[in-house]
Every structure is written in C-alpha cells, then in structure tokens.
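Inspection log for the structure reproduced underneath, given as structure tokens.
Residue numbers (the working numbering): 37 to 548.
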C-alpha cells in the first residue's frame, strides 16, 4: 500500500474556506511531497440533510465540492475529518442540539446514551461518507473525558472505559456499513489500554503526539494489529513566540520512529490559526515533518529548505532564535517559561488585567526586559521578508505575535503613565501650567496607544481576509480599543474642565 503523507488543517474553529488561499497553498504542499489534504471540520459544515445546523462561516457543500476539485487539480487526495464523541462544541452551541450534550456546563461532548445521538450521527456520517471519496473516514473520538456525567449514562452501570468502547464500536460499525474504513485517534485507547483489543482491527489509529516521539505507543498499537498514521503538529499552544526547536525536539524524533516502525503514513496537523494553523509562517515545520519521515536528516535542514523553497538561505527564521527561544527567554526573565505566564498572556483580554493578576512588579519587569528584544528583532524580520526571492507574501504576518506582545507592553506602560500622572497632578489639582502639561502629555500618550491598537487590528483583519479567519484575536484588540477610547474621553473631559478652573478628580477617582 502506498504510504500516506497527509497535512491536516483546522477548519473547525477559526477559519472558513477561501479558495484563493488554497489555490496558492495546495501546490506547495504537493511540491513538498504531501499526497493527502485533510479538512478537519468536526461539525462546522452546512449539512444538506441537517438543515437546522448552519454554523457561522462554516464550510458549505458548494465549498466542499470546490475543495475536492482543487485537490484533484493539484494531485492531492482530499479527506474530511469529523468527530462523533468529544469536540462537538460547535454542534452543541446550536440550540437545536444542545440537549445532546453529556455535560450541559461544558458542552463539548455528545451524550452516548441519549436516544437522539445515534440517529443524528448516522445522518452526519452518511453525508460525510458521500463527500469523503477515499476509503478512509476519520470519525474522531479523542479527548472524550466527560464520561458518566449525566444521569442517563450513570443508569447504564458502565465504567468510563466501557461507555467509551460501546459508543465507538457502534460508530465504527456504522462507518463500515457506509463502505468506509474508520480512523480514530489513539489517546483514549492509551488512557484505557485494556479495551484496545476490542476495537475492530480494520480501524486505522492516528497516534497523536505534539511534543515528542512515542515509540512505546507505536509498538503497542502494532502489537494489537492496527495500522498507524503517526501524527505530529505545528503546535504553539503554550508558547508565546515561534517554537524554534520543534523540528529537532518533537517532529523529527517521532517521524523517525514512524519510519523505523513502517507506519502506513504520517500526518502533520495545524491547529488554531493564531497558534500554528497559518501555513504562511510555518512552512519550515510542515516541510521538516515529511523530510524526517522520508529519511532525510534535519541537520542544516532549515537553510537548505529556505534555499530551495524561498530562493535564499537568508529566509531562515532561526536568526530570531537568540531573541525568543525558551532558553533565551529564561535567561532574560524566569517567568517567561512558567505555565502561569503563558496562560495569562494567552487568555487575559486586557494587558492591564494581566499586569495586576500576574503581579505588578514582576509582570512589568518581564515586559520591560522583553521590549528591547522585540525592537531589535524587527530589522531581522524585515530582512527575512526582503530576502525571499519567491513566495514573498508568505512572510507578511511573520511578526504578528511580536506586535501583539508589543501592544500589550505599551498598554501596561500607558496605563502606568496615567497612574503616575494622577499622582503628580494631585498637588496641582487647581489649574496651572504644570497640571495642563501633564494632562496634555497623558492624552497624547494614550492616543498614540489607541492608534497602535488600530494598526494591529487592521493587520489581523488582513490576515483574516487572506486566509479565512473568523474569530481570532482581533476581538481582544477591539475590546481594548473601546476601553481606551472611554478612558480617553474621560481624561479629555477633565482636561477641558480643568482649563476652565475646575479641579482634577481625586486619586481614588483616577485609579478607578
């Protein structure tokens, strides 16, 4: 059997279908050696047979047909990846199907015991089987952790493993009835290894690892007679900046093990556009995965790849490594490599909130130490963009994470400046030249920050338009702009009344 070399792209969360983008990208995937292109949609699809489900900017049947045509045009085999257990939050967000959730509070997993679950899945699988022309159909089942949460499931008296097994065996049987070969991730089987032998041996296992190799899991699944797709990722979930060592530390080891164990193929995945699923800035890892699987050494791979793909070795992004890899950041400030820092950086909607949650002194010190590195990296990024003799457009959004970090740092500095100004204004509450100057400086600094937020939001909008993003980070920037404009109006009002002889507010009012 011909080995599968697949790239899987996440359409279930933050991207819609933009044909011009994939017209440009699919030929490059083919030229790197990929033979399959997988659209991971979960249930973010406008099913013809489920008219009450029309997720916002989800893929339509017409777009699905276009994707199939484009893959055929560029010599790639298209696959559709859905989910039939966990990761059903897009479906369960629809009020028409909310009652099928195992845990109403979480809303990510279907209830395997609800009488309407299987009829719905039977309809969904039938339509995906028609759309998915190759034999293999991915049916999900990963990260189904909310087991036995509802009374309906608990009444059946099954253990978590038995409940999972009962549901997935049914889904596998339904898939085979449709003439398709089922494919499922292996994580839940690794969690409950005593049920592995009960899974139909015709099932293909995606052995899914983001951060390292896993020779043990490859051996385990092969011992039970399964064929395996070794699956890795351009994963950036818990990193602030480009993961420079991912090819060497994570992708190469697992792809080498997959080759040594004669797996049926490999799969490179890209998740969440703002953290890895924007192909334009992650070609090096996408190329590195297939190179390692085919037996090429990754020693000096980066330069060779850039010379062949971009036309010059000067496009090598590793020049930024001295600024932003984990070792460099750890030397700069230990908080940069703590999970708490990454979690707060990635999830807080306001850098001002982050500043207080993480600890005023520590957070501010960390941001201040990083700011000069961000500024020093900009000439290198511009040089990389200029150096590309072909595919120059691929680097357009290379430094977006740095822009986001820069704006957060500026937000902290701006709001801190306003606080300090309030303290300095206190002795000058009645109008005079010093107080007037402080208020004008505050307004100028705040307005510059608002303008920079607007520029960043426009960059995100261009990215969204180019590759089909739907709800990525710009909503945070827009929320900040709203907050900052409100603050600007507040200070501007008091500056005008101050000029007319009214005292400025007290410290307490300013600090609110």
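No residue lacks a Cβ here, since even glycine has one placed at the ideal position from N, Cα and C.
Opening and closing residue of the alpha helix (DSSP H) in which residue i lies
i           : result
residue 291 : 288-296
residue 305 : Here residue 305 belongs to no alpha helix (DSSP H); instead the beta strand (DSSP E) covers 301-306.
residue 125 : 125-128
residue 57  : 55-68
residue 458 : 436-461
residue 156 : 153-167
residue 432 : Element bounds for residue 432: n/a, residue is neither H nor E.
residue 189 : 187-190
Host beta strand (DSSP E) of residue i (start-end)
i           : result
residue 278 : That residue, residue 278, is in no beta strand (DSSP E); it is neither H nor E in DSSP.
residue 487 : Careful: residue 487 lies outside any beta strand (DSSP E), inside the alpha helix (DSSP H) at 469-503.
residue 40  : 40-46
residue 174 : 172-174
Alpha-carbon spacing of residue i relative to residue j, whole angstroms
i           : j           : result
residue 471 : residue 374 : 42 Å
residue 94  : residue 156 : 18 Å
residue 424 : residue 352 : 10 Å
residue 323 : residue 192 : 48 Å
residue 547 : residue 464 : Unreliable positioning characterises residue 547 in this predicted model, as indicated by a pLDDT of 49, which lies under 50. The coordinate reading is nonetheless provided below. The alpha-carbon atoms of residue 547 and residue 464 are separated by roughly 17 Å.
residue 519 : residue 448 : 13 Å
residue 329 : residue 292 : 6 Å
residue 124 : residue 137 : 9 Å
residue 347 : residue 67  : 15 Å
residue 489 : residue 439 : 9 Å
residue 344 : residue 459 : 58 Å
residue 505 : residue 179 : 25 Å
residue 203 : residue 272 : 32 Å
residue 183 : residue 221 : 17 Å
residue 319 : residue 288 : 15 Å
residue 525 : residue 372 : 35 Å
residue 127 : residue 317 : 30 Å
residue 41  : residue 306 : 14 Å
residue 72  : residue 111 : 9 Å
residue 521 : residue 479 : 11 Å
residue 284 : residue 334 : 7 Å
residue 487 : residue 441 : 16 Å
residue 223 : residue 91  : 28 Å
residue 499 : residue 130 : 27 Å
residue 536 : residue 309 : 51 Å
residue 493 : residue 513 : 6 Å
Residues bridged to residue i (per DSSP)
i           : result
residue 116 : 75
residue 137 : 146
residue 81  : 95
residue 51  : 505
Worksheet item: Pairing CB atoms from the segment 256-266 with CB atoms from the segment 236-243, are three or more of them under 8 Å?
Response: Result yes; three or more Cβ-Cβ pairs closer than 8 Å.
Worksheet entry | Contiguous alpha helix (DSSP H) assignments of at least 4 residues, all confined to the segment 206-268 | The segment 206-268 contains these whole alpha helix (DSSP H) runs: 223-227, 251-259.
Item to complete: Go through the segment 318-388 residue by residue and report every complete run of the alpha helix (DSSP H) that reaches 4 residues or more, in order.
Response: 319-329, 337-345, 357-360, 362-368, 375-383
Worksheet item: Is the number of C-beta pairs between the segment 404-413 and the segment 350-369 that are closer than 8 Å three or more?
Response: yes
Worksheet item: Is there contact between the segment 74-86 and the segment 328-344, where contact requires at least three CB pairs shorter than 8 Å?
Response: no
Fill in: Touch test, the segment 276-292 against the segment 45-65, Cβ-Cβ under 8 Å, three pairs minimum
no
Item to complete: Would you check if the segment 248-256 and the segment 147-166 touch, i.e. whether three or more CB-CB distances between them fall below 8 Å?
Response: no
Worksheet item: How about the segment 192-206 and the segment 231-238: do they share at least three Cβ pairs that are nearer than 8 Å?
Response: The segment 192-206 makes contact with the segment 231-238, as at least three CB pairs between them are under 8 Å.
Worksheet entry | contact_flag[the segment 96-115, the segment 53-72] where n(CB pairs < 8 Å) is 3 or more | yes
Worksheet item: Looking at C-beta atoms only, is the number of pairs between the segment 431-438 and the segment 450-457 that lie closer than 8 Å three or more?
Response: no
Worksheet item: If you pair each beta-carbon of the segment 363-371 with each one of the segment 104-116, do three or more pairs fall below 8 Å?
Response: no
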